[in-house]
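K.L.:
Pasting in a structure now, in C-alpha cells, and then I'll have a few things to ask.
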Amino acid sequence: MDRQKKLQILKDMVNINSTNGHEEQVANYLQQLLSEYGIESEKVQYDVDRASLVSEIGSSDGPVLAFSGHMDVVDAGDESKWKFPPFEATEHDGKIYGRGATDMKSGLAAMVIAMIELQKEKQKLNGKIRLLATVGEEVGELGAEQLTQKGYAGDLDGLIIGEPSGHQIVYAHKGSINYTVKSTGKNAHSSMPEYGVNAIDNLLLFYNEVEKFAKSVDATNEILGDFIHNVTVIDGGNQVNSIPEKAQLQGNIRSIPEMGNETVKQVLVKIINELNKQENVKLELLFDYDKQPVFSDKNSELVNIAKRVASDIIKEEIPLLGISGTTDAAEFTKAKKPFPVIIFGPGNETPHQVNENVSVENYLEMVDVYKRIAVEFL
Ligand SMILES: [Zn+2]
Numbered sequence: 001m002d003r004q005k006k007l008q009i010l011k012d013m014v015n016i017n018s019t020n021g022h023e024e025q026v027a028n029y030l031q032q033l034l035s036e037y038g039i040e041s042e043k044v045q046y047d048v049d050r051a052s053l054v055s056e057i058g059s060s061d062g063p064v065l066a067f068s069g070h071m072d073v074v075d076a077g078d079e080s081k082w083k084f085p086p087f088e089a090t091e092h093d094g095k096i097y098g099r100g101a102t103d104m105k106s107g108l109a110a111m112v113i114a115m116i117e118l119q120k121e122k123q124k125l126n127g128k129i130r131l132l133a134t135v136g137e138e139v140g141e142l143g144a145e146q147l148t149q150k151g152y153a154g155d156l157d158g159l160i161i162g163e164p165s166g167h168q169i170v171y172a173h174k175g176s177i178n179y180t181v182k183s184t185g186k187n188a189h190s191s192m193p194e195y196g197v198n199a200i201d202n203l204l205l206f207y208n209e210v211e212k213f214a215k216s217v218d219a220t221n222e223i224l225g226d227f228i229h230n231v232t233v234i235d236g237g238n239q240v241n242s243i244p245e246k247a248q249l250q251g252n253i254r255s256i257p258e259m260g261n262e263t264v265k266q267v268l269v270k271i272i273n274e275l276n277k278q279e280n281v282k283l284e285l286l287f288d289y290d291k292q293p294v295f296s297d298k299n300s301e302l303v304n305i306a307k308r309v310a311s312d313i314i315k316e317e318i319p320l321l322g323i324s325g326t327t328d329a330a331e332f333t334k335a336k337k338p339f340p341v342i343i344f345g346p347g348n349e350t351p352h353q354v355n356e357n358v359s360v361e362n363y364l365e366m367v368d369v370y371k372r373i374a375v376e377f378l
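For what it's worth, UniProt numbering labels the leading residue of the sequence shown as 1, then goes sequentially.
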C-alpha cells in the first residue's frame, strides 16, 4: 500500500468522531477497508452504534497472535485551543494532528494495514493474526471485557496492544480499582446532635482506617513501583445547621502483582465490616471499576522478537518498561490461558491533550514493525 493511502486511512479514522461512543462507524470503515482486500471481519455489537470488530488472517493451525486497539477517543476538550480542528485530521510538519492521532487510531490503523499487506503479499503464516478492535476502552475497557467473555481471547498465544508507547516496549502495567463508600446517618438540628447520626463522622472512620492500611503497605514491584491509594472525591451533608444524613467518598487504587486486586478488595471489605459493628455506623462499599495489573514475562518470545525487530527497523535500542496506566490487556488477560502481552504502538506524550498528534514516520514504521513481529512470531 502506498504512503498516501496509509496516511489517508489514519486521517479517515480520526475524522470519525468516536468520542466515548459511535465506535461502530469506525468498525464499519475498517470492515469495508478489509473487505476491499478480501479479508472478512465480524462486528460484535456492544450497544446502539457501538460494535467491536474481529478479523483474522493466516492458517488455522499454529499459534494465535492478537493485534488490539481501541476505537473510542476521549473528549476533545476546548476546541478553540486546538491548532487544527480535532476531527479534521491535518498533516503539518511531519505530524498528523487530531483527536485519536496518538491514542490510538494510529496504532490501530498500522495494525490493520500490516494485516492487509501481509495478506496481499501472500505471506505464509504458521498461525493466525487476530485483530481485536474494541469499544469503550477509555471508560472501562468495555469491549475487551465483552470480547474476553465471548471467548475471543481464550486461545491467544500472544497479544500486542497498539497503545502509544513510542520507541519503547511496555510489558507491565498497574491495575486500577475505583470504589465508593456511602455512609448513612440520621438528620437532626445541629443544636441537638444527640437526635441524629453524623454520616460525615462515620465516613471519616473509614477514611482513617483505609489511610492507615495504605500507609502500612510496603509492597513494591521492581518495574511498576509502589502500590498507590488515594481518596479522590468526598462529599456529604446539605446544610450548615443540620447533622448530615448522607456522605460518601470515592477512592482509586493502582495495584501491583505483589498487592493484587483480590487482596486489596478483601481488606476494604474487612474494614467496612469491622466499622459496621459499631453502634450507628452504616457504611456501604461498592467497587465501580476493577482492572487487574498486567505483568508479562520480559523474556518471553514475543518480547524478544518485538525488541529485536523494532531495534532493527527503527535503528535504535528499544527499551522495555512498565507503566502506571491501564489498558485493554487488563481484561484480555482474564482469559483462562495465560499469554504474553506487550504494549507497543506509535505515538507520543499527547494523548488526551489539545493538539494531539502522531509523527508520520513513527506511524509508518510501525506498520513494518507489526508485520515483521507477526511473521517471526508465527
Ligand atoms: Zn488509549
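Yeah, the Cβ is synthetic: ideal placement off N, Cα and C, and Gly gets one too.
Because the structure is a prediction, the values reported are computed rather than measured.
Do residue 160 and residue 332 have their C-beta atoms within less than 8 Å of each other?
P.N.:
No, they are not a contact pair.
K.L.:
Can you say whether residue 286 is buried or exposed, counting buried as having 16 or more other CB atoms within 10 angstroms of its CB?
P.N.:
Burial call: exposed.
K.L.:
Pull up the distance between the alpha-carbon of residue 49 and that of residue 14, whole angstroms please.
P.N.:
Cα to Cα, the separation comes out at about 17 Å.
K.L.:
Since residue 1 and residue 116 should fall inside the 8 Å C-beta cutoff, what is the C-beta to C-beta distance between them, to a whole number of angstroms?
P.N.:
Between residue 116 and residue 1 the Cβ distance is about 7 Å, and since that is below 8 Å, they are a contact.
K.L.:
Ends of the beta strand (DSSP E) at residue 337?
P.N.:
Neither: residue 337 is in no beta strand (DSSP E) and is coded neither H nor E.
K.L.:
For the alpha helix (DSSP H) holding residue 14, just list the boundary residues, first then last.
P.N.:
Residues 3-15.
K.L.:
Helix, strand or coil: which one does DSSP assign to residue 99?
P.N.:
The answer is coil: DSSP assigns residue 99 none of H, G, I, E or B.
K.L.:
Between the region 176-192 and the region 346-365, are three or more C-beta pairs nearer than 8 Å?
P.N.:
Result no; under three Cβ-Cβ pairs closer than 8 Å.
K.L.:
Using beta-carbon positions only, say whether residue 135 and residue 72 come within less than 8 Å of one another.
P.N.:
Contact flag set, yes.
K.L.:
From the DSSP output, read off the bridge partner residues of residue 287.
P.N.:
Beta-bridge pairing links residue 287 to 179.
K.L.:
In whole angstroms, give me the CA-to-CA distance for residue 306 and residue 274.
P.N.:
Going from the Cα of residue 306 to the Cα of residue 274 covers about 49 Å.
K.L.:
Who are the near neighbours of residue 229 in its chain, counting only those whose CB is closer than 6 Å to its CB and skipping five residues on each side?
P.N.:
Excluding sequence neighbours, residue 229 sits near 214, 253.
K.L.:
How about residue 52 and residue 133: are their beta carbons less than 8 Å apart?
P.N.:
It is a contact, given that the beta carbons lie within the stated cut-off.
K.L.:
With DSSP as the reference, identify every bridge partner of residue 138, one or two as the case may be.
P.N.:
Partner(s): none; residue 138 has no beta bridge.
K.L.:
Using the rule of at least 16 other Cβ atoms within 10 Å of the residue's Cβ for burial, across every protein chain shown, is residue 174 buried or exposed?
P.N.:
Under this definition residue 174 is a buried residue.
K.L.:
Please list, following the chain, all residues that have a C-beta closer than 6 Å to any non-hydrogen atom of ligand 1.
P.N.:
After applying the 6 Å Cβ criterion, the set is 70, 103, 104, 137, 163.
K.L.:
In the DSSP assignment, find the alpha helix (DSSP H) that holds residue 272 and state where it starts and stops.
P.N.:
Residue 272 -> alpha helix (DSSP H) spans 261-276.
K.L.:
From the DSSP output, in three-state form, read off residue 207 for me.
P.N.:
DSSP places residue 207 in helix when its eight states are reduced to three.
K.L.:
Measuring alpha carbon to alpha carbon, tell me which of 193, 238, 256 ends up nearest residue 220.
P.N.:
Checked all of 193, 238, 256; the closest Cα to residue 220 is 256.
K.L.:
Could you round the C-beta distance between residue 129 and residue 374 to whole angstroms and report it? I think they count as a contact, below 8 Å.
P.N.:
At roughly 5 Å, the Cβ-Cβ gap stays under 8 Å, so residue 129 and residue 374 are in contact.
K.L.:
Let me know the secondary structure DSSP gives residue 170 once reduced to three states.
P.N.:
The answer is strand: DSSP assigns residue 170 an E or B state.
K.L.:
Can you name, in chain order, every residue of its own chain whose Cβ lies under 7 Å from the Cβ of residue 259, other than the five neighbours on each side?
P.N.:
The answer, listed in chain order, is 217, 219, 227.
K.L.:
Quick one: what does DSSP say residue 238 is sitting in, helix, strand or coil?
P.N.:
Residue 238 falls in the coil class under three-state DSSP.
K.L.:
If you follow the beta strand (DSSP E) that residue 292 is in, where does it begin and where does it stop?
P.N.:
It is not in any beta strand (DSSP E) - residue 292 carries neither H nor E in the DSSP assignment.
K.L.:
Assuming the contact rule is C-beta atoms closer than 8 Å, residue 103 and residue 352 should be a hit. Round their C-beta distance to whole Å, please.
P.N.:
About 7 Å; that satisfies the 8 Å criterion.
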